[in-house]
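These notes concern the structure reproduced below.
Numbering (this note's numbering), first residue to last: 88 to 250.
See the structure below:
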């Protein structure tokens with residue numbers, strides 16, 4: 088006698104709880120996993136990526152007073168700060184999701200609360216060249232509910248060896 092549980096046909100009104108990366112039962116017994124009949128057959132399709140919040144929020148626009156800054160000649164192991172001022176020039180609140188430096192030597196700080204239309208704000212960028220030498224160019228990438236969603240700020244410096 089066979090000790091395996093009997094296979095059961097499912098109708099289209101029944102469903103099986105699944106994760107985003109597996110198929111659901113369509114009512115066809117052939118859709119079931121032959122190893123475990125109660126489990127849907129996995130697919131090779133990746134789970135859909137979650138949208139970036141800035142892509143789904145109401146769009147606004149931002150205007151920076153300047154989008155680049157040159158610190159000039161600076162010494163290794165020094166610390167320099169630039170404040171980039173901006174205005175929300177759109178009709179919706181400006182929501183900055185993230186601001187990231189192109190390397191660990193460039194650290195931005197940005198407002199976490201929404202900026203009302205017509206209001207101003209600041210992104211403070213701290214640059215610490217460490218042992219870097221010569222001409223350096225770094226970027227700060229800002230993700231916000233603007234069109235386009237990415238705004239880039241640039242800083243540069245000529246780093247001299249500390250003596």
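For glycine and all other residues, C-beta sits at the position ideal for the given N, C-alpha and C.
Complete beta strand (DSSP E) runs within the stretch 130 to 202 (minimum length 3 residues, chain order): Within the stretch 130 to 202, the complete beta strand (DSSP E) runs of at least 3 residues are 149 to 151, 155 to 162, 167 to 175, 183 to 188, 193 to 196.
Assumed close pair residue 196, residue 211 - CB separation to whole angstroms, cut-off 8 Å: The count along the chain shown starts at 1 and reaches residue 196 at position 109. The count along the chain shown starts at 1 and reaches residue 211 at position 124. Residue 196 to residue 211, Cβ: 4 Å. Contact.
Distance between residue 247 and residue 234 (C-alpha atoms, nearest Å): Sequence index remark: in the chain shown, residue 234 carries index 147 (1-based). Sequence index remark: in the chain shown, residue 247 carries index 160 (1-based). CA-CA distance, residue 234 to residue 247, rounds to 38 Å.
Beta-ladder partner(s) of residue 243, from DSSP: Within the chain shown, residue 243 is the residue found at index 156, counting from 1. The secondary-structure analysis by DSSP pairs residue 243 across a beta bridge with 157, 224.
Helix, strand or coil at residue 236 [DSSP, three-state]: Position 149 of the chain shown holds residue 236. Coil.
Those residues which DSSP pairs with residue 231 across a bridge: As a working mapping, residue 231 is identified with position 144 in the chain shown. According to DSSP, which records beta bridges pairwise, residue 231 is partnered with 183.
Where residue 175 falls, given that 16 or more other Cβ within 10 Å makes a residue buried: Residue mapping note: residue 175 aligns to position 88 of the chain shown, counting from 1. Around the beta carbon of residue 175, a 10 Å sphere encloses 16 or more other beta carbons of the protein chains shown; the residue is thus reported as buried.
Residue 217, DSSP secondary structure in three states: Indexing the chain shown from 1 puts residue 217 at position 130. Three-state DSSP puts residue 217 in coil, outside helix and strand.
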